[in-house]
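S.K.: Mind having a look at this structure? Questions to follow.
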Amino acid sequence: VSASQMPAWFWWDWVVDAFFWMDIVVNFRTCYVIKETSAMVVDPGMISKAYLSGWFALDFLSTFPFDQVTSSDSLRIFK
Numbered sequence: 001v002s003a004s005q006m007p008a009w010f011w012w013d014w015v016v017d018a019f020f021w022m023d024i025v026v027n028f029r030t031c032y033v034i035k036e037t038s039a040m041v042v043d044p045g046m047i048s049k050a051y052l053s054g055w056f057a058l059d060f061l062s063t064f065p066f067d068q069v070t071s072s073d074s075l076r077i078f079k
C-alpha cells in the first residue's frame, strides 16, 4: 500500500505518536523541584534517573506503537 492510499486516521495516529515521543525526549531534559528543600534539580543525570524511576514506563508503554509493530504486515519479514 502506498503512502497516498493510507487513510487519514493512519497519519493522524502517527502525528499524535510523534508528539508523545517528543514529550518523552523533553521529559529527559526538564528540571524539577525537590519539595522538601525547594531545590531545583538541573543535573541531566539526576533528571534522567528521576524520570526513569517515575513516569517513563507509563509514558513509553502508552506511546510505543504496538499495533504497528505487531501487525501482520510488519511480521511478514519473519516468514
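Each step along the sequence shown adds one to the number in the numbering used here, with nothing skipped, and position 69 is 69. Virtual Cβ for every residue (Gly too), placed ideally from N, Cα, C.
1. Measuring only the C-alpha atoms, how far is D59 from W21?
2. Does V41 come out as helix, strand or coil in the three-state DSSP assignment?
3. Which whole-angstrom value describes the C-beta separation of S48 and F19, a residue pair presumed to lie in contact below a C-beta threshold of 8 angstroms?
4. How far does the alpha helix (DSSP H) with T63 in it extend, from its first residue to its last?
5. For the alpha helix (DSSP H) holding Q68, just list the boundary residues, first then last.
6. Distance check for I34 and V41, CA to CA, integer angstroms please.
M.R.: In short, the structure shows the following:
1. In a straight line, the C-alpha of D59 is about 9 angstroms away from that of W21.
2. Reduced to three states, the DSSP call for V41 is strand.
3. Here S48 is actually not in contact with F19; their C-beta atoms are around 21 angstroms apart, not less than 8 angstroms.
4. Note, T63: alpha helix (DSSP H), 56–63.
5. Per DSSP, the continuous alpha helix (DSSP H) segment holding Q68 begins and ends at 66–69.
6. Their Cα atoms are separated by approximately 7 angstroms.
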